[in-house]
Amino acid sequence: MVSATGVRALIDERGAEFEGYTFGFLDDMAKREIRRTILKAVAIPGHQVPFGSREMPIARGWGTGGLQITLACVGADDTIKVIDQGDDASVNAVNLRRLIAKTTGARETLTTGEATLIQTRHRIPEERMTAAQMLILQVPIPEPLRHVERSVAAARAMHAEADYARMWLALYEDVVRNGEVTAGAGYPVMVNGRFVMAPSPIPRWDIPKLNQAETLFLFGAGREKRIYAVPPFTNVQPLEFDDYPFEIEAFPNMSCRRCGATDSYLVTSPQADGSTLSVCSDTSYCDDVLAGRKVENQW
Amino acid sequence: MATDTSRAPRQTVVADQEQRAFRALLDAMSRPGTIHTLPEARGADGAWGSSLVVMQSLLDHEVTFAVEADDRSVHEQILRRTGARSDVLAAAGYVLTDAAHALDVIEMASEGYLEEPERSATVVVRVDAIGSGALRVSLSGPGIESVQPLSLDGLDVAALHALIERNAVYPTGIDIVLVDPQGRIACLPRSTRIELED
Numbered sequence: 389m390v391s392a393t394g395v396r397a398l399i400d401e402r403g404a405e406f407e408g409y410t411f412g413f414l415d416d417m418a419k420r421e422i423r424r425t426i427l428k429a430v431a432i433p434g435h436q437v438p439f440g441s442r443e444m445p446i447a448r449g450w451g452t453g454g455l456q457i458t459l460a461c462v463g464a465d466d467t468i469k470v471i472d473q474g475d476d477a478s479v480n481a482v483n484l485r486r487l488i489a490k491t492t493g494a495r496e497t498l499t500t501g502e503a504t505l506i507q508t509r510h511r512i513p514e515e516r517m518t519a520a521q522m523l524i525l526q527v528p529i530p531e532p533l534r535h536v537e538r539s540v541a542a543a544r545a546m547h548a549e550a551d552y553a554r555m556w557l558a559l560y561e562d563v564v565r566n567g568e569v570t571a572g573a574g575y576p577v578m579v580n581g582r583f584v585m586a587p588s589p590i591p592r593w594d595i596p597k598l599n600q601a602e603t604l605f606l607f608g609a610g611r612e613k614r615i616y617a618v619p620p621f622t623n624v625q626p627l628e629f630d631d632y633p634f635e636i637e638a639f640p641n642m643s644c645r646r647c648g649a650t651d652s653y654l655v656t657s658p659q660a661d662g663s664t665l666s667v668c669s670d671t672s673y674c675d676d677v678l679a680g681r682k683v684e685n686q687w
Numbered sequence: 002m003a004t005d006t007s008r009a010p011r012q013t014v015v016a017d018q019e020q021r022a023f024r025a026l027l028d029a030m031s032r033p034g035t036i037h038t039l040p041e042a043r044g045a046d047g048a049w050g051s052s053l054v055v056m057q058s059l060l061d062h063e064v065t066f067a068v069e070a071d072d073r074s075v076h077e078q079i080l081r082r083t084g085a086r087s088d089v090l091a092a093a094g095y096v097l098t099d100a101a102h103a104l105d106v107i108e109m110a111s112e113g114y115l116e117e118p119e120r121s122a123t124v125v126v127r128v129d130a131i132g133s134g135a136l137r138v139s140l141s142g143p144g145i146e147s148v149q150p151l152s153l154d155g156l157d158v159a160a161l162h163a164l165i166e167r168n169a170v171y172p173t174g175i176d177i178v179l180v181d182p183q184g185r186i187a188c189l190p191r192s193t194r195i196e197l198e199d
């Protein structure tokens, strides 16, 4: 048995052994394999490329895909930002950021404009990202056809033949049953007119940002062992019907309780008195607005 | 921020070169036709130095390669530096060629399968110069806002015609990394549409 203080002492002591780790935690062969996969993914926008997802010091499903991409890309002169649902301060985001910083020496930031690499779970920052930046999205389920076709092999054949009839049928049935396409987070998109892609569970609000952006988007699914990409200036269109066009979330007559922004994606929580509290999902954007800094948020 | 990075591991010199080369490749592949610079080649100067930087950053014993060039010593160097396995041209995952053999390589290299288009060759072509030269092309497609011009020296126009033909049936096709001896690179992934200028 190790007492609680003993564990703390052990961690403190072992902390000194970080020097024994490889730069960026992953060994050089793992990085090389991930890099090869990333380059193929970029060459075939929207196509899921399998890779040998490694054991990481966090559990699969907690961002290991994104983390492996980040660690394969990052250099000591990068500035990194990690967000979880827009929030830099969530436990998971903090732990990932610390791991990256401790194993690479890369500078950390909470400010979108300062980062060269941003790893994110389920949001794209409000501030428009530039060509000098890269967004790395954590992906739980990379296969957009999963809910219409359970067989991986069959889904792969559907992608190969660009046969998305069942996807369209599922969207149509949604419209028939519910009067609209109900998909909220992770709305399916068509990339470069060829591959239907799961954009990861970002809100509809973020979907238009993927289209013809200046920034490279890399998607990593660690548990499902897939990497895919949307290069800059690539057509990314949400699947929609002419008479049921895609719409982003609307926040009528609402603003952020903290910074007052009316042009950002808001998260709403019910309060004890029956009212609701809405705040910016993107904490960096909220801080900027609060501090009166000018931010280009029109993607 | 409070994270103590004073004990962060350093990148070894070789790993540092590979990481910088990869970032240059990633930029180049994401923005076809734009010119990027490789880190300085170490221990391999001369005409093949920068080509070897590219090969070394991507290859290890998990992949196969082929070399099509009159100078056979470069094949030996790749074997020794990467441990990658040598294979025939039609099956190799990574192919390094000089401009003289580019046409043959583009016609023969693996283009992958519809279900696995990523199982195709990445072809590294050593040309005389990138960013200047008589061969001028206009590029469009993913990664390019409207049209991206690119000038090349040393590549035969027939090789480009062959590439256009090879990459006509997307998503199968081959991805090209152009390298010149000055350490400049530019990429022509299969998703790029190429038009020759007069």
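Protein chains in written order, with the numbering used here: chain C, 389 to 687; chain Z, 2 to 199.
Where is the CB? At the ideal position from N, CA and C, for every residue including glycine.
Against chain Z, the CB of G474/C has no partner CB under 8 Å away; the residue lies outside that interface.
Here the alpha carbon of C188/Z sits roughly 58 Å from the alpha carbon of G662/C.
Uninterrupted beta strand (DSSP E) stretches at least 3 residues long and entirely within the region 51-103 of chain Z occur at 65-69 and 95-99, given in chain order. Contacts with chain C at 8 Å (Cβ-Cβ) do not include I165/Z.
Close CB contacts of I595/C within its chain, under the 8 Å cut and outside five residues either way in sequence, are with Y575, V577, P587, V624, P626, F634 and I636 (chain order).
Q149/Z is bridged by DSSP to L140/Z. Contact annotation: the region 25-34 of chain Z does not touch the region 90-102 of chain Z, with fewer than three C-beta pairs closer than 8 Å. Residues of the region 25-48 of chain Z with a C-beta atom less than 7 Å from some C-beta of chain C are L26, L27, M30, S31 and R32, listed in chain order. Judged by beta-carbon spacing, P33/Z lies within the 8 Å limit of P190/Z, meaning their Cβ atoms are closer than that value. Y171/Z is bridged by DSSP to nothing; it lacks a bridge partner.
Using a CB distance cut-off of 8 Å, Y616/C does not count as an interface residue toward chain Z.
Identification of chain C residues near A16/Z by a Cβ-Cβ cut-off of 9 Å yields T410, F411, G412, D416 and K419, ordered along the chain. V64/Z is the residue among H37/Z, H162/Z, V64/Z and L136/Z whose C-alpha sits nearest the C-alpha of R120/Z.
Beta-bridge partners assigned by DSSP to E496/C: I468/C. About 34 Å separates the Cβ atoms of P433/C and V667/C, ruling out a contact at the 8 Å cut-off. A direct Cα-to-Cα measurement between H37/Z and V14/Z gives close to 21 Å.
Taking a C-beta distance under 8 Å as the contact criterion, A93/Z and A67/Z qualify as a contact pair. With respect to I471/C, T508/C sits close: the two C-beta atoms are nearer than 8 Å. Take the alpha-carbon of R646/C and the one of D675/C: they are about 9 Å apart. According to DSSP, residue pairing for A130/Z in a beta bridge involves D154/Z. The beta carbons of L97/Z and V128/Z sit no closer together than 8 Å. A Cβ of chain Z is located within less than 8 Å of the beta carbon of C461/C. Under the criterion of beta carbons closer than 8 Å, V125/Z and M30/Z do not qualify as touching, at roughly 12 Å. Excluding residues up to 5 positions away in sequence, L97, V125, R127 and V180 lie with their Cβ nearer than 7 Å to the Cβ of S52/Z in the same chain. Close to T4/Z, with beta-carbon spacing below 7 Å, are these residues of chain C in chain order: R486, A489, K490 and E496. Out of V138/Z, I165/Z, D154/Z and M109/Z, the CA that lies nearest to the CA of V89/Z is found in M109/Z. The count of Cβ pairs closer than 8 Å, one atom from the region 490-508 of chain C and one from the region 540-552 of chain C, stays below three, leaving the stretches out of contact. Closest in alpha carbon position to F607/C, among E502/C, R423/C, S657/C and A571/C, is R423/C. The straight-line gap separating the alpha-carbon atoms of M517/C and D670/C is approximately 14 Å. The three-state secondary structure of V15/Z, taken from DSSP, is helix. Boundaries of the alpha helix (DSSP H) harbouring M417/C: D416 to A431, taken from the DSSP string.
For the pair D630/C and V563/C, the Cα-to-Cα distance works out to about 12 Å.
Of the candidates E196/Z, I177/Z and Q149/Z, I177/Z places its Cα closest to the Cα of E112/Z. The Cβ atoms of L136/Z and S152/Z sit closer than 8 Å to each other. Of all residues in the region 544-573 of chain C, those with a C-beta nearer than 8 Å to a C-beta of chain Z are R544, A545, H547, A548 and E549, reading in chain order. For I457/C, same chain residues with a beta-carbon under 7 Å away, outside a window of 5 residues either side, are I422, I426, I524, L606, G608 and I615 in chain order.
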